[in-house]
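Remarks on the structure that follows.
This is the structure we're talking about:
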């Protein structure tokens, strides 16, 4: 009986030791990058269908030919390309020194070929990503008559350095991060030489009507005079995501006493 108990105890200790080693072994397993694949990806890649320059791989960074698209870090694990910023995974179908085929988000196979033209690298001359800043102010003047009085409405769309980050999909079905600059719109209304209203407006004015997730990726793109009636002056304001067709149209109303009010018109 004692001998059986000793054997049973020894068996349990062995099982626990083996299980512990196996668990430790599992915890110590680290998935390493496919260094060979990353090496073959270095260089400038073209769309195989039209020879358009698409991207450039330098080290562990992908640069895009579109100046609004942000560079992104990437890694290759096994036969999968992983984008760090979006955590998107793209299965690699074929990869050589000159051909790169992968499946996009829809499961379609995208084919790139490596460029042998040194001039193609000139499209990626910027080492630090800089978005072109539009410095020209767009001005709009409207003169209206109401109740026998003459009113002058003045709109100035002012570009800023406030960055707006937005995610979108390229024509190849690859998710990329884009950066744009938002606008501040100045609105003034005069009755003759008397100023009724003057204020700089930002997209935050419409936060009650536009979801925060949308507003973060959108820019205050435009404002136009719409009409004047008994309640005041109405201006159509648009809040849009630059990378898509999604916009909110809002009524920005200024009363004759200078009170400001916004309402949602459509989405």
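Residue numbers (mature numbering (1 follows the signal peptide of the UniProt record, and there is no 0)): -17 to -1, 1 to 250. All residues carry an ideal CB built from backbone N, CA and C; glycine is no exception. Everything numeric in this text was worked out from a predicted model, so none of it was measured.
- Here residue 19 carries a helix assignment [DSSP, helix/strand/coil].
- As computed with DSSP, residue 178 is found in a beta bridge with 173.
- Checking the DSSP bridge columns, you'll see residue 235 partnered with 218, 245.
- Boundaries of the alpha helix (DSSP H) around residue 198: 195 to 200.
- Annotation for residue 58: the continuous beta strand (DSSP E) segment containing it runs 55 to 60.
- Counting along the chain, the unbroken beta strand (DSSP E) around residue 137 starts and ends at 132 to 152.
- About 7 Å separates the CB atoms of residue 206 and residue 170; that is less than 8 Å, so the two are in contact.
- Looking at the DSSP output, residue 205 bridges to 221.
- From the listed residues 176, 167, 174, 177, the smallest Cα separation to residue 186 is found for 167.
- Beta-bridge pairing by DSSP links residue 158 to 152.
- Residue 47 sits buried, since 16 or more C-beta atoms from the chains shown fall within 10 Å of its C-beta.
- Between residue 86 and residue 93, the gap from beta carbon to beta carbon is short of 9 Å.
- In the three-state scheme derived from DSSP, where H, G and I count as helix and E and B as strand, residue 107 is classed as helix.
- Burial state of residue 190 is exposed, judged by a 10 Å Cβ sphere holding fewer than 16 other Cβ atoms.
- In the three-state reduction of the DSSP assignment, residue 212 falls in the strand class.
- Of the candidates 219, 134, 27, 101, the residue whose Cα lies closest to the Cα of residue 177 is 134.
- In the displayed model, residue 99 falls within coil according to three-state DSSP, outside both helix and strand.
- Annotation: residue 120 to residue 148 spans about 22 Å, alpha carbon to alpha carbon.
- Judged by DSSP secondary structure, residue 122 falls within the beta strand (DSSP E) whose first and last residues are 121 to 129.
- Less than 9 Å separates the beta-carbon of residue 103 from that of residue 29.
- If the five residues before and after residue 210 are omitted, its C-beta is found closer than 7 Å to the C-beta atoms of 217, all from its own chain and listed in chain order.
- Selection 62, 249, 58, 89 evaluated against residue 193 yields 249 as nearest (Cα-Cα).
- Listed in chain order, the non-local C-beta contacts of residue 173 below 6 Å within the same chain comprise 135, local neighbours out to five positions each way being set aside.
- For residue 68, the closest C-alpha among the options 157, 84, 244 is that of 157.
- DSSP, reduced to helix, strand and coil, places residue 189 within a helical segment of the structure shown.
- As the crow flies, the alpha-carbon of residue 164 is around 21 Å from that of residue 107.
- In this structure, residue 240 lies away from residue 200, with their beta-carbon atoms at least 9 Å apart.
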